[in-house]
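Read top to bottom, the protein sequences are chains A and B.
Numbers in the numbering used here are just positions in the first sequence, counted from 1, shifted up by 208.
Numbers in the numbering used here are just positions in the second sequence, counted from 1, shifted up by 208.
Yeah, the Cβ is synthetic: ideal placement off N, Cα and C, and Gly gets one too.
To start, the structure itself, in structure tokens.
Number of protein chains: 2
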Amino acid sequence: MTTTTEASVRERLLASAADITAESGWAAVTMSKVATRAGVSRQTVYNELGTKPALGQAMVLRELERFLAIVERELDAADDLVTAIRSATEHILVMAEGNPLLHALLASAHSVSRGNEPASNNELLPFLTTDAQPLIAAATAVIDERLDRFPDVDLGPHQRAVAIDAIVRLVLSHVMQPGSSPAATADDLAWIVARVLRG
Amino acid sequence: MTTTTEASVRERLLASAADITAESGWAAVTMSKVATRAGVSRQTVYNELGTKPALGQAMVLRELERFLAIVERELDAADDLVTAIRSATEHILVMAEGNPLLHALLASAHSVSRGNEPASNNELLPFLTTDAQPLIAAATAVIDERLDRFPDVDLGPHQRAVAIDAIVRLVLSHVMQPGSSPAATADDLAWIVARVLRG
DNA sequence: ACTTTACAGATTCTATGGTTTTGTAAACCT
DNA sequence: AGGTTTACAAAACCATAGAATCTGTAAAGT
């Protein structure tokens with residue numbers, strides 16, 4: 209199949225774009241630089257990802273999937289549901305703390321029109337703030353799937369959805385605006401989840 | 209006392225700034241326009257509020273206090289704690305839905321470098337997103353005070369603080385990224401609060 | 001207490017080219 | 001096929017410079 213090669217090229221392209229964004233901001237990302245860094249021609253970028261906004265969206269989506277992969281792994285690892293949520297939350301927060309791309313996006317919120325730097329860093333920030341609904345939906349779906357494995361959830365479908373939505377929003381809130389350490393926050397959120405799920 | 213007049217001038221200035229921001233964005237706000245609209249000289253703006261960033265901060269703070277006043281009113285009105293939270297949440301979400309200033313700030317997230325419009329609308333957005341900690345702290349403090357009136361809260365100080373922090377973050381999340389109607393969201397959050405507070 | 005007037009420095013606007021980047025398309029290679 | 005090179009028009013960006021505006025401070029006036 210060509211799938212392996214195809215995914216590999218696309219993966220390398222997105223990784224290159226993420227690197228450049230983390231180093232110099234999204235405005236500094238050009239199709240040429242992405243292509244060069246990935247060892248590929250510029251047109252391959254267009255063939256693979258289309259336009260630059262599409263590249264940005266794919267890059268953010270890829271990073272989201274990296275986070276969601278951790279969530280899936282942690283939710284599958286633990287036996288206890290609350291422990292699973294706690295572990296997934298802590299891993300997400302730790303991962304967020306040390307994620308250069310995420311920090312580049314968040315940093316773009318502050319210095320918007322600073323000096324000679326370009327101002328268009330903010331094209332991607334809405335994915336985390338005002339247009340976070342796709343992100344919330346994706347995370348919600350992942351948790352919803354993995355939650356079937358646990359027997360001690362006796363909530364109706366609506367209440368179940370509400371609870372999942374809440375934990376996703378809370379984690380996202382702490383990603384953008386950390387309260388204390390990831391471990392402490394994970395403890396707190398796990399306590400809330402415990403109270404909500406089996407009140 | 210001069211306090212009445214002083215507060216009135218300051219109030220008129222902040223209201224003028226909020227109007228201009230709602231109409232044309234924060235970048236279109238100049239000290240002269242604010243002064244003129246408030247029927248006051250430009251220097252009075254400087255005497256009263258100092259610099260323009262200070263004006264922006266005061267303007268946001270004033271809007272926050274308008275929201276928190278609603279929270280206080282609703283928390284004081286109801287007898288049942290869960291009903292109080294539900295009512296406060298719904299009022300906040302309804303108020304947020306129809307708040308022009310808030311929408312001006314949120315809209316600035318999208319069109320950053322659009323056409324000929326100035327790009328510096330984003331100076332105020334971080335107050336709601338990446339620098340929301342003061343906002344969270346203020347809201348948390350308000351709720352914390354009003355919560356003493358309700359006897360059926362048997363949480364330790366830490367758990368109590370965690371619960372309040374969570375409800376504040378959840379409401380803020382829904383202000384920026386509404387899920388469904390204010391009433392439905394208020395129902396859902398009230399249910400969560402009920403489960404958490406008296407699990 | 002507020003206004004008017006004045007002022008230097010910074011920032012923004014306008015307008016101009018020159019440059020880069022985007023996005024599409026073809027021909028070519030292997 | 002998957003990929004590259006080359007080419008190209010349109011758009012976006014950059015640099016420069018002068019005009020206009022805005023900021024922030026100060027003083028004198030009412």
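Asked, Found
"Nearest CA to the CA of Thr297(B): which residue from Arg406(B), Arg403(B) and Asp396(B)?", "Asp396(B)"
"Chain B beta carbons: is any one of them nearer than 8 Å to that of Met384(A)?", "yes"
"Taking Trp399(B) as the query, report the chain A residues whose CB atoms sit under 8 Å from its CB, ordered along the chain.", "Gln367 and Val370"
"DSSP on Asp396(B), reduced to helix/strand/coil?", "helix"
"Rounding to the nearest angstrom, what Cα-Cα distance links Asn330(B) and Lys241(B) in this structure?", "20 Å"
"Buried or exposed: where does Ser249(A) fall if 16 or more other Cβ atoms within 10 Å of its Cβ makes it buried?", "exposed"
"What do you reckon, are the CB atoms on Val404(A) and Val404(B) nearer than 8 Å?", "yes"
"For the putative contact between Gln341(A) and Ala340(B), defined by C-beta atoms under 8 Å, what is the C-beta separation to the nearest angstrom?", "Not really, about 18 Å apart at Cβ, beyond 8 Å."
"Let's test the definition: count the other Cβ atoms within 10 Å of the Cβ of Asp284(A) and tell me whether it reaches 16, buried, or not, exposed.", "exposed"
"Counting contacts by CB-CB distance shorter than 8 Å, is Gln265(A) in contact with chain B?", "no"
"Less than 8 Å between the beta carbons of Ile400(B) and Ile372(B), yes or no?", "no"
"List, in chain order, every chain B residue whose beta-carbon is nearer than 8 Å to that of Ile278(A).", "Going along chain B, no residue has its Cβ under 8 Å from Ile278(A), so there is no contact; the nearest lies around 21 Å."
"For Ile344(A), would you say it is in contact with chain B, using Cβ-to-Cβ distances shorter than 8 Å as the test?", "yes"
"Do you know offhand how far Thr291(A)'s Cα is from Val217(B)'s?", "55 Å"
"Taking Arg368(B) as the reference, give the member of Asp356(B), Val379(B) and Leu378(B) with the closest Cα.", "Asp356(B)"
"Considering just the uninterrupted stretch of the alpha helix (DSSP H) at Pro359(A), what are its terminal residues?", "Taken as a continuous stretch (DSSP letters only), Pro359(A) belongs to no alpha helix (DSSP H), as it is neither H nor E."
"Can you pull the chain A neighbours of Ala154(B), defined as C-beta to C-beta under 7 Å?", "The structure shown does not extend to residue 154(B), since chain B is modelled only from 209 to 407, so the question has no answer here."
"If we cut at 8 Å on Cβ distances, does Thr337(B) have a partner in chain A?", "yes"
"What do you get for Ser316(A), buried or exposed, if any count of 16 or more other CB atoms within 10 angstroms of its CB means buried?", "buried"
"What did DSSP end up calling His366(B) once you bin it into helix, strand or coil?", "helix"
"Can you tell which of Thr252(A), Asp227(A), Glu280(A) and Leu269(A) has its C-alpha closest to the C-alpha of Pro470(A)?", "A query on residue 470(A) cannot be resolved here, the shown segment of chain A reaching from 209 to 407 and no further."
"Should Ala230(B) and Ala304(B) be called a contact, given that it needs their Cβ atoms to be closer than 8 Å?", "no"
"Determine the DSSP secondary structure at His318(B), reduced to helix, strand or coil.", "coil"
"Quick one: is Gly323(B) buried, meaning 16 or more other Cβ sit within 10 Å of its Cβ, or exposed?", "Only weak support is given to the placement of Gly323(B): the predicted model assigns it a pLDDT of 38, under 50, and the value that follows is read from those uncertain coordinates. Its Cβ having fewer than 16 others within 10 Å, Gly323(B) is exposed."
"With respect to the alpha helix (DSSP H) encompassing Asp284(A), which residues constitute its N-terminal and C-terminal limits?", "Lys260 to Ala285"
"Taking only beta-carbon positions, decide if Gly387(A) is within less than 8 Å of chain B.", "yes"
"Which residue marks the beginning of the alpha helix (DSSP H) containing Val290(A), and which one marks its end?", "Leu289 to Glu305"
"If you measure from the beta carbon of Leu333(A) to each beta carbon in chain B, is any gap under 8 Å?", "yes"
"Please state whether DSSP places Thr229(B) in a helix, a strand or coil.", "helix"
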